[in-house]
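Heads up: the protein sequence lines correspond to chains P and D, in order. Numbering-wise (the numbering used here), the first sequence opens with residue 228 and increments by one. Numbering-wise (the numbering used here), the second sequence opens with residue 14 and increments by one.
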Amino acid sequence: MGRKFLILVTLAAVFLTANLCVGTVKIPLGQIAAGLAGRPVDPAAQRILWDIRLPRALAALLLGGALALAGYLLQSFFHNPIAGPFVLGISSGAKLVVAVFLVCLLGRGIRVSSGALILAAFLGAMLSMGLVLLLSRRMHNMSMLVVCGVLIGYICSACTELLVTFADDADIVNLHNWSNGSFSGITWGNVALMAAVVSVVSFLAFLLAKPLSAYQLGEAYARNLGVNLKLLKVQMVVLSSLLSACVVAYAGPVSFVGLAAPYLVKSLFGTQRPLVMIPACFLGGSVFCLFCDLLARNLFAPTELSISTVTAVFGAPVAVWMMLLRGKEKAL
Amino acid sequence: MTDLFFQTQRLCVGYDGKPLIEGIQIGLEQGEILTLIGPNGAGKSTVLKSIAGQLAPLGGTVYLDKRPADRMTKAQLARQIAIVLTSRLRGEMMTCGEVVATGRYPYTGYFGLLSEADRQIVEEAMEMVHMREWKERPFSRISDGQRQRVMLARAICQQPRLLILDEPTSYLDVRHQLEFLSLLQKMCRKMGLTVIMSLHELELAAKVSDRVCCLKGRYVDRYGRPEEVFTGGYVSSLFGVSLGSYDEINGGMELEPALGQPQVFVIAGAGTGRSVYRRLQRKGIPFATGILFSNDLDYPVAKALAADCIASEGLEPMGEALFEAARQRVDACGRVICCRERFGALEEANGRLLSYAKSRGKEIEEPWRK
Numbered sequence: 228m229g230r231k232f233l234i235l236v237t238l239a240a241v242f243l244t245a246n247l248c249v250g251t252v253k254i255p256l257g258q259i260a261a262g263l264a265g266r267p268v269d270p271a272a273q274r275i276l277w278d279i280r281l282p283r284a285l286a287a288l289l290l291g292g293a294l295a296l297a298g299y300l301l302q303s304f305f306h307n308p309i310a311g312p313f314v315l316g317i318s319s320g321a322k323l324v325v326a327v328f329l330v331c332l333l334g335r336g337i338r339v340s341s342g343a344l345i346l347a348a349f350l351g352a353m354l355s356m357g358l359v360l361l362l363s364r365r366m367h368n369m370s371m372l373v374v375c376g377v378l379i380g381y382i383c384s385a386c387t388e389l390l391v392t393f394a395d396d397a398d399i400v401n402l403h404n405w406s407n408g409s410f411s412g413i414t415w416g417n418v419a420l421m422a423a424v425v426s427v428v429s430f431l432a433f434l435l436a437k438p439l440s441a442y443q444l445g446e447a448y449a450r451n452l453g454v455n456l457k458l459l460k461v462q463m464v465v466l467s468s469l470l471s472a473c474v475v476a477y478a479g480p481v482s483f484v485g486l487a488a489p490y491l492v493k494s495l496f497g498t499q500r501p502l503v504m505i506p507a508c509f510l511g512g513s514v515f516c517l518f519c520d521l522l523a524r525n526l527f528a529p530t531e532l533s534i535s536t537v538t539a540v541f542g543a544p545v546a547v548w549m550m551l552l553r554g555k556e557k558a559l
Numbered sequence: 014m015t016d017l018f019f020q021t022q023r024l025c026v027g028y029d030g031k032p033l034i035e036g037i038q039i040g041l042e043q044g045e046i047l048t049l050i051g052p053n054g055a056g057k058s059t060v061l062k063s064i065a066g067q068l069a070p071l072g073g074t075v076y077l078d079k080r081p082a083d084r085m086t087k088a089q090l091a092r093q094i095a096i097v098l099t100s101r102l103r104g105e106m107m108t109c110g111e112v113v114a115t116g117r118y119p120y121t122g123y124f125g126l127l128s129e130a131d132r133q134i135v136e137e138a139m140e141m142v143h144m145r146e147w148k149e150r151p152f153s154r155i156s157d158g159q160r161q162r163v164m165l166a167r168a169i170c171q172q173p174r175l176l177i178l179d180e181p182t183s184y185l186d187v188r189h190q191l192e193f194l195s196l197l198q199k200m201c202r203k204m205g206l207t208v209i210m211s212l213h214e215l216e217l218a219a220k221v222s223d224r225v226c227c228l229k230g231r232y233v234d235r236y237g238r239p240e241e242v243f244t245g246g247y248v249s250s251l252f253g254v255s256l257g258s259y260d261e262i263n264g265g266m267e268l269e270p271a272l273g274q275p276q277v278f279v280i281a282g283a284g285t286g287r288s289v290y291r292r293l294q295r296k297g298i299p300f301a302t303g304i305l306f307s308n309d310l311d312y313p314v315a316k317a318l319a320a321d322c323i324a325s326e327g328l329e330p331m332g333e334a335l336f337e338a339a340r341q342r343v344d345a346c347g348r349v350i351c352c353r354e355r356f357g358a359l360e361e362a363n364g365r366l367l368s369y370a371k372s373r374g375k376e377i378e379e380p381w382r383k
């Protein structure tokens, strides 16, 4: 167990460092160490390191973890490993509300703080989640629910596109980049706020480890063991929506991380125990996003890929693999 | 009524405010086993769920140790009642030991970590159901019989005083059904566990239960000791059996008899005729049989399947009147099957019947010769 955590931490450290070193301008390791320690280095390198790469890498680390954790919570909630913020349309709902919010306010020349963006995204996430929950009452077939989630996602994306098409030029550039998903343009102020939100929410999720472990057995057994199901469900929905919202507010919708990372981590650890899975999923998501952002920035440099393009390339096959395995197990 | 451990008073259960069963009055002493029986859809699971606190009762009260259950907290109830359900527990990536350990939930601390004492209890529970060596095995890779035992161990770990099981023997073969119920009986005797369960197997229910509760329509149809409940064709009426029959004393079921003018006469007795009766029933041939003592093993089957059955009361020689009746039936049949090799002193009439059939040139079949 400890060794497996060490693997994840090492991987995170390696990719974090790689994200700082590699780019259109290469910064050697020595410079990075010196720069981080506050010793004098080449001023250009210093600026790239401190103003661009470090906040961006930290954002990938934090938001990747948040996405994976949101995915894990949703998968536990629906008792289904295919659930996730992107698949169920929660990210897209959050995106739509943020886009509406931005177009309305920016059009009137009002500057928007990132905290307000998180709130707008949270509102959107809760709206989509509400819709999904409403549908899930009617539909007991999980694959149908996922299809509905994907449809909700498409509708929200279409609405966002519509908004972007008719918005003023200046806003479009901003919105277009963001609505495809990207970790670029993150400031230290952003990092501070997202770190605060993500760490508090993740900690709260960790506190749910015990009731969550009972919930995994099925609702009847959880109730019999004394779990307050209503409260737990509300907590799961709110926490996963907050995490998804935080990601959408800063990076736009990022696909498949919430789905692939928990699955890979679960396979690595060979357990479902929330006490292990909550921190492990967070780390796994961080590693996944750091790795994908490294590729997004460098694969076709200087052209940058959207982060969702890369996460989809790596995440979608994992999802397919997972469903194939599940089908096999059911056939056994 | 004062020493009852479990009691319900005018309990009314159902879904969405619509009552399914009303006026349930049950009383159990500690260590007793109550079995709910009734046709499919009679509401056995609904009653169990309501007692277990899974479903809010629509009226009335459940008392545990004279305390109303609805006044207990979730945590208190979790230490009183454990459940074993038919719906599978989701045990993804869990070992059998981990599944059993989930029973400790009401006793562990904030993060649910097991103490040394908890681990000891898990070990003991697994030992009790003979699953200790399967502790590290994945829960998803064991057989249904083993899974049910693990679920029982899990429930035991919860150290409940009342155990509720919904059709615990459904997926088990005969051997495992017997093992499981013996285990349950042992727990009740040893640990004073009180059990409420539903069973489909009526013959098992009659044997293992201290009390039986029969659900039919909107009410409890009968409630009492099995010997009081399983009498006088009650089971057939409870389940609305119109085709075939159920023998309450032996717990045997027979299919619908082939009725009509008997074509075959079966001379049987001492349990030799049952297989012949069933063979004839399968072919749809109406038959008459006799002369049987009413305490013969063949008698309940003959009564269920024969178009005509000539029976003699008690352990006395078969009288002349019975012989005469049987002789007439033989006359009417074209074929006689004699299942007996020899006849005892009291049933000498059957021997004469066989000779008579031979003398009349009836086609005689003697299955024991093969």
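Built from N, CA and C at the ideal position, the CB exists for glycine as well.
| query | result |
| --- | --- |
| Coarse secondary structure for L175 of chain D, derived from DSSP in three states | strand |
| Within 8 Å, strictly: CB atoms of W415 of chain P and P282 of chain P | yes |
| Given 8 Å, three or more beta-carbon pairs between the segment 165 to 184 of chain D and the segment 533 to 549 of chain P | no |
| Residue-chain proximity (K148 of chain D, chain P), Cβ-Cβ < 8 Å | no |
| Simplified DSSP assignment, three categories, for A558 of chain P | Below a pLDDT of 50, predicted positions are generally treated as unreliable, and A558 of chain P, at 44, falls in that range; the measurement from the model is reported next regardless. Helix at A558 of chain P. |
| Residue-chain proximity (G229 of chain P, chain D), Cβ-Cβ < 8 Å | no |
| Straight-line Cα distance separating S288 of chain D from V441 of chain P | Rather than Val, the amino acid found at residue 441 of chain P in this sequence is Ala. Distance between the alpha carbons of A441 of chain P and S288 of chain D: 52 Å. |
| Delimiting residues of the beta strand (DSSP E) encompassing E146 of chain D | No beta strand (DSSP E) contains E146 of chain D, which DSSP labels as neither H nor E. |
| CB contact below 8 Å: K383 of chain D versus chain P | no |
| Min CB distance G257 of chain P to chain D below 8 Å | no |
| Beta-ladder partner(s) of V259 of chain D, from DSSP | Note that residue 259 of chain D is Tyr in the sequence shown, not Val. Paired residues: D:M266. |
| Start-to-end residues for the beta strand (DSSP E) that takes in F278 of chain D | 277 to 280 |
| For C351 of chain D: DSSP bridge partner residues | D:I280 |
| Start-to-end residues for the alpha helix (DSSP H) that takes in R364 of chain P | 341 to 365 |
| Contact list for K437 of chain P against chain D, beta-carbon separation under 8 Å | Y118, T121, Y123, F124, G125 |
| Contact residues within the segment 424 to 453 of chain P, judged by C-beta distance below 7 Å to chain D | A436, K437, S440, A441, Q443, L444, G445, A447, Y448, R450, N451, L452, G453 |
| Cα-Cα separation, D311 of chain D to G286 of chain D | 6 Å |
| For D179 of chain D, the nearest candidate out of D:P151, D:D131, D:G40, D:E214 (CA to CA) | D:E214 |
| DSSP bridge partner residues for D321 of chain D (one or two, in chain order) | D:A301 |
| Buried/exposed call for K493 of chain P, threshold 16 Cβ in 10 Å | buried |
| Same chain, Cβ closer than 8 Å to L521 of chain P, neighbours up to 5 away in sequence not counted | F242, A245, N246, V249 |
| Closer than 8 Å to chain D by CB, L294 of chain P | no |
| Three-state class that DSSP yields for L33 of chain D in the structure shown | strand |
| Cα-Cα separation, A264 of chain P to P270 of chain P | 14 Å |
| Beta-carbon gap between V324 of chain P and L301 of chain P smaller than 8 Å | no |
| Short Cβ contact (8 Å threshold) for M164 of chain D with V208 of chain D | no |
| Nearest to L217 of chain D (by Cα), restricted to the options D:M200, D:L206, D:L194 | D:L194 |
| Contact with chain P by F19 of chain D, beta-carbon distance below 8 Å | no |
| Within-8 Å CB hit, A65 of chain D to chain P | yes |
| Assigned secondary structure, M210 of chain D (DSSP; H/G/I helix, E/B strand, else coil) | strand |
| Chain P contact residues for R103 of chain D, given Cβ-Cβ distances below 8 Å | H306, Q443, L444, G445 |
| Interface partners of A91 of chain D on chain P, CB under 7 Å | N451, L452, G453 |
| V268 of chain P versus A261 of chain P - alpha carbon distance | 7 Å |
| Assigned exposure category for M421 of chain P - 16 Cβ within 10 Å defines buried | buried |
| Contact between the segment 322 to 342 of chain P and the segment 455 to 471 of chain P (3+ Cβ pairs under 8 Å) | no |
| Inter-residue Cα distance where the pair is L329 of chain P and V377 of chain P | 24 Å |
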